[in-house]
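A quick write-up on the structure given underneath.
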Amino acid sequence: MRYSDEVIEEVRSRNDIVDVIGQYVHLQKKGAYYFGLCPFHNEKSGSFSVSGGNKQMYYCFGCGAGGSVITFLMKYENLTFQEAVKQLADRAGIQLPDEDTSPQAKAMRDKKQILLDINKEAARYYYYQLRSPNGAKGMEYFRERKLSDDTMKQFGLGFANVTSDDLVRHLKSKGYQDSQIIEAGLASHDEKFGTHDKFWNRVMFPIQDASQKVIGFGGRVMGDGKPKYLNSPETPIFDKSRNLFGLNFAKNSRAGFFILCEGYMDVISMHQAGFNMAVASLGTAFTTGQAMILKRYTDEIILSYDSDEAGVKAALRGIGILKEAGLKGKVLDLRPYKDPDEFIKNEGREAFEERIRNAEASFFFEVRIMRDRYDMSDPASKTEFYRELAAKLAEFQEALERENYIEAVAARYNIPMDDLKSLVASYAAKAGMVKPASRPQSGIQNKKKPEDGAKKNQRLLLTWLTDEPKIFPKVTQWVTPEDFSDDLYRKVATDVFEGMQNSNFSPAAILDHFPDEEEHSVVAEMFNTNLVEIETKDQRNKAFRDIILGVRHAGYDRKKKELRPDDPEFLTKTIQMKKELEQLSHADISLDDL
Ligand SMILES: [Zn+2]
Numbered sequence: 037m038r039y040s041d042e043v044i045e046e047v048r049s050r051n052d053i054v055d056v057i058g059q060y061v062h063l064q065k066k067g068a069y070y071f072g073l074c075p076f077h078n079e080k081s082g083s084f085s086v087s088g089g090n091k092q093m094y095y096c097f098g099c100g101a102g103g104s105v106i107t108f109l110m111k112y113e114n115l116t117f118q119e120a121v122k123q124l125a126d127r128a129g130i131q132l133p134d135e136d137t138s139p140q141a142k143a144m145r146d147k148k149q150i151l152l153d154i155n156k157e158a159a160r161y162y163y164y165q166l167r168s169p170n171g172a173k174g175m176e177y178f179r180e181r182k183l184s185d186d187t188m189k190q191f192g193l194g195f196a197n198v199t200s201d202d203l204v205r206h207l208k209s210k211g212y213q214d215s216q217i218i219e220a221g222l223a224s225h226d227e228k229f230g231t232h233d234k235f236w237n238r239v240m241f242p243i244q245d246a247s248q249k250v251i252g253f254g255g256r257v258m259g260d261g262k263p264k265y266l267n268s269p270e271t272p273i274f275d276k277s278r279n280l281f282g283l284n285f286a287k288n289s290r291a292g293f294f295i296l297c298e299g300y301m302d303v304i305s306m307h308q309a310g311f312n313m314a315v316a317s318l319g320t321a322f323t324t325g326q327a328m329i330l331k332r333y334t335d336e337i338i339l340s341y342d343s344d345e346a347g348v349k350a351a352l353r354g355i356g357i358l359k360e361a362g363l364k365g366k367v368l369d370l371r372p373y374k375d376p377d378e379f380i381k382n383e384g385r386e387a388f389e390e391r392i393r394n395a396e397a398s399f400f401f402e403v404r405i406m407r408d409r410y411d412m413s414d415p416a417s418k419t420e421f422y423r424e425l426a427a428k429l430a431e432f433q434e435a436l437e438r439e440n441y442i443e444a445v446a447a448r449y450n451i452p453m454d455d456l457k458s459l460v461a462s463y464a465a466k467a468g469m470v471k472p473a474s475r476p477q478s479g480i481q482n483k484k485k486p487e488d489g490a491k492k493n494q495r496l497l498l499t500w501l502t503d504e505p506k507i508f509p510k511v512t513q514w515v516t517p518e519d520f521s522d523d524l525y526r527k528v529a530t531d532v533f534e535g536m537q538n539s540n541f542s543p544a545a546i547l548d549h550f551p552d553e554e555e556h557s558v559v560a561e562m563f564n565t566n567l568v569e570i571e572t573k574d575q576r577n578k579a580f581r582d583i584i585l586g587v588r589h590a591g592y593d594r595k596k597k598e599l600r601p602d603d604p605e606f607l608t609k610t611i612q613m614k615k616e617l618e619q620l621s622h623a624d625i626s627l628d629d630l
């Protein structure tokens, strides 16, 4: 359902962005803005700003995330535009127009909603197949893994038949097109077989997002086929690096921590045994994006990876990501069993609880793995271990924390405390001179690119206008939207000038006209560029003049480029524009009488 601009504007105006974001992020007022810690990247100082008043926008000066109250909710709660509008309407007690179910309206619905509908229908289909004679093999598999009917129902487990196009046929009978089914990640197309199911002869694990919507599937093959596990590809609704299996249930757990495991079956058997705080990354390595999502709910993560070599490696990597996200990590020791599923089946619930209580702080886990690489009966090797250990301890920035770890490690490995202390001190001194090796950034990249001067002037002008609309008459003396050099900037400037002329300027509404995520944050930046500190009237006039001249020069360059040399008026036009620029450079451009 697409709501009209008027409806959306009402929803926006009755949900003040400071109030709404304040429910998710602790905000503090600083001048005209509110600041807090960015929920979309890890940081210690607040570079996440929210502007109330007429602006109604958020913007992070650290990672470049920005948008309106609607797009904040979309990003934070992983909602579609329509869902976010609905949620905000409910919050403000606004009655939305009834959903229109005509075929035309259906065609108009945004693509994401269609993909969600297809995934939901597929989940329903797989669910019934598992419980029909076709699904006997799958049912046998789950029974062998000791899953109860309730658990299978809770997780919506299903079965993809041996026939290779029955899901496609089913979905087409419901009115979906081949291209939509392929885009949903449920089918492929080739010359030989036409459009055919992606999953067949597999037990199916629907992957739900935090608000219970099916966004993809994992499928385990029956028998020895390859690959053993197959996952939905990334689609507009399925971003593997920003979702976790089981989060829809685990987020309601009151345990105060999450258990992060490797696979679907681990999560399901843990939930069945009452450990409803278990989640898993989705067939890919654990990512920073996933860590940031977990951080919304807790600050402690217990890693429960397989006890084999690959599992240890994954755990070490996971610890690095948790640290980067500012989360406390612990590691569960499952030995002698391979994975939590096996452990719980053999030792039971209480024994598993005991292991959770004794989970090792991630630092000690790292040290233990490190020590296993050294031969402690060889003095030279032992010394090497101490050195590596001291270097690791020296990484703790805070003196008290470092002391505590030195004490604990000394006791654990029978190292004379003073010796270890002085060794660490010598490494800490060295570390002060060299920069610690930084891990390559995963997941969250800093979107800030090298500054483009021409664009910066255009951004500064748009931000200034937004923050101080009274300068508009001064601006229009010198600049029109046509002077903005870049296409996207020109579109936004046109909207801004129009809004100002008609006295219905709403930056958040303009922003929401650019739903594409990439464009959305570029536009958000146009309204949130850091203005230089201005103290005196002269500085203010100079800044204004510089910006106006900068915008006009960039505009001139663009217009000149667009002029065709074979245009009979090429010369007159070029000369005319040059003359205007020349006059401009002598003009009295100031904000003096404001
Ligand atoms: Zn940020």
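Residue numbering for the sequence shown follows our numbering, beginning at 37 and increasing consecutively.
We put the CB at the ideal spot given by N, CA and C, even for glycine.
In this structure, the CA atom of GLN537 is about 42 Å from the CA atom of ARG278. Taking 6 Å as the cut-off, the C-beta of PHE235 does not count as close to any heavy atom of ligand 1. Annotation for LEU166: the continuous alpha helix (DSSP H) segment containing it runs 147-166. For the pair ARG167 and GLU176, the Cα-to-Cα distance works out to about 11 Å.
Ligand 1 has a heavy atom closer than 6 Å to the beta-carbon of HIS77.
Relative to ligand 1, GLY98 has its C-beta within less than 6 Å of a heavy atom.
In the same chain as TYR441, and ignoring 5 residues on each side of it, the C-beta atoms closer than 7 Å to its own belong to PHE399, LEU429, PHE432, in chain order. In the same chain as TYR163, and ignoring 5 residues on each side of it, the C-beta atoms closer than 7 Å to its own belong to GLY192, GLY194, in chain order. Rounded to the nearest whole angstrom, the CA to CA distance from GLY292 to GLU336 is 7 Å.
LEU222 and PHE235 have their alpha carbons spaced roughly 7 Å apart.
Scanning its chain for C-beta atoms nearer than 6 Å, with the 5 sequence neighbours on each side dropped, one finds around ALA427 the residues TYR463, in chain order. Here ASP342 is buried. Its C-beta has 16 or more other C-beta atoms within 10 Å. Counting along the chain, ASP233 sits inside the beta strand (DSSP E) bounded by residues 230-233. Taking non-hydrogen atoms of ligand 1 into account, the C-beta of ALA101 is found less than 6 Å away from one of them. Every beta strand (DSSP E) stretch that sits fully inside the segment 300-338 and reaches 3 residues is listed by chain position as 314-316. Counting the other CB atoms within 10 Å of its CB gives HIS556 a total of 16 or more, which places it among the buried residues. Inclusion of ASP302 and PRO415 in the CB contact set at 7 Å is not warranted, their separation being larger than that value. Residue burial is scored here from C-beta neighbours: SER289 has at least 16 other C-beta atoms within 10 angstroms and is therefore classed as buried. Remark: C-beta atoms of LEU627 and ARG588 do not approach each other more closely than 7 Å. Taking the C-beta atoms as reference points, ILE357 is found nearer than 7 Å to THR324. The continuous alpha helix (DSSP H) containing ARG407 extends over residues 398-407. Using a Cβ-Cβ distance cut-off of 8 Å, the segment 493-511 and the segment 533-550 are in contact, since at least three pairs of beta carbons, one from each stretch, lie closer than that value. In the DSSP assignment, MET188 falls within the alpha helix (DSSP H) that extends over 185-190. The segment 227-234 makes no contact with the segment 175-189; the number of CB pairs closer than 8 Å stays below 3. Annotation for ARG127: ASN51, VAL56 place their beta carbon closer than 8 Å to its own, counting only its chain and skipping 5 residues before and after. According to DSSP, LEU266 shares a beta bridge with GLY255. Note that the C-beta distance between LEU280 and GLN326 is below 7 Å. Annotation for ARG238: no alpha helix (DSSP H) segment contains it, though the beta strand (DSSP E) segment containing it runs 238-244. Nearest Cα to PHE563 within the set PHE241, SER104, GLU42: SER104.
For MET536, the secondary structure class from DSSP, reduced to helix, strand or coil, is helix.
Ranked by Cα distance from ILE251, the options VAL239, LEU283, LYS366 are led by LEU283.
Residue state for PHE580 is assigned as helix, using DSSP reduced to three classes. Here MET258 is near LYS173, since their CB atoms are less than 7 Å apart. One Cα belongs to MET313, the other to GLU45, and the distance between them is close to 39 Å. Membership of TYR94 in the beta strand (DSSP E) is indicated by the continuous run 93-96. DSSP places ASP41 inside the alpha helix (DSSP H), whose first and last residues are 41-49.
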